[in-house]
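Heads up: the structure comes next, in structure tokens.
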Amino acid sequence: MSQKIFEALIELANDFGSGNDLQHNTKTNTVYRGAKYHAYKDELIEALDELNDKFKVQIDKGDELAVNLTFYQTNVNQTTRATKDLDNMEKPTLDAMQVALNFDDSQIVKKVSQKQSNFTRALRIEIWKA
Numbered sequence: 001m002s003q004k005i006f007e008a009l010i011e012l013a014n015d016f017g018s019g020n021d022l023q024h025n026t027k028t029n030t031v032y033r034g035a036k037y038h039a040y041k042d043e044l045i046e047a048l049d050e051l052n053d054k055f056k057v058q059i060d061k062g063d064e065l066a067v068n069l070t071f072y073q074t075n076v077n078q079t080t081r082a083t084k085d086l087d088n089m090e091k092p093t094l095d096a097m098q099v100a101l102n103f104d105d106s107q108i109v110k111k112v113s114q115k116q117s118n119f120t121r122a123l124r125i126e127i128w129k130a
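Structure below.
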């Protein structure tokens with residue numbers, strides 16, 4: 001039987017980051033994440049840090065985790081090219097979760113993600129010990 005260890009619904013000011021947000025500096029030939037990626041990731045880390053300060057989420061290094069992510073977007077139609085792809089929104093989200101909740105994404109053995117229309121931009125995160 002799995003045990004839910006974390007659940008949150010976080011309203012966001014920044015648009016969801018994208019794993020495809022890569023910039024290239026041609027002078028130094030370096031590739032780096034863009035400002036939108038970092039703005040989203042930083043906002044999410046701050047929100048998760050505040051929640052973790054309250055609820056003291058305990059994830060041990062050997063724990064197998066199951067994660068459920070729901071991305072609430074303000075776009076009415078979720079299937080157009082104007083909306084972000086689900087897999088691209090997962091990357092900065094999981095990166096932020098690792099930093100704030102102190103786990104490695106290699107611990108995730110099951111992941112369910114979905115995107116839905118909503119009046120406000122928000123993210124629902126649920127984590128279980130698998």
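If you read the sequence shown in my numbering, its first letter stands for residue 1, the second for the next number, and so on.
Virtual Cβ for every residue (Gly too), placed ideally from N, Cα, C.
Between the beta-carbon of residue i and the beta-carbon of residue j, is there less than 8 Å?
i, j, result
"Q107", "D63", "yes"
"D105", "L94", "yes"
"N68", "V109", "no"
"A39", "I10", "no"
Taking the alpha carbon of residue i as the point to measure from, which residue in the options has its own alpha carbon closest?
i, options, result
"K41", "F103, D15, E126, A8", "D15"
"F103", "M89, N77, I59, R124", "I59"
"K115", "D87, T30, L101", "D87"
"I45", "S2, G17, T79", "G17"
Excluding sequence positions up to five away, which residues of its chain have a Cβ less than 8 Å from the Cβ of residue i?
i, result
"G34", "D21, L22, Q23"
"T74", "S117, N118, F119, T120, R121"
Residue i by DSSP, collapsed to three states: which one?
i, result
"F50", "Note that residue 50 corresponds to Glu in the displayed sequence, not to Phe. Helix, per DSSP."
In chain order, which alpha helix (DSSP H) runs of at least 4 residues are fully inside the stretch 78-108?
86-101
Run through the stretch 11-36 for me and flag every whole beta strand (DSSP E) of 3 or more residues, listed as ranges in chain order.
22-25, 30-33
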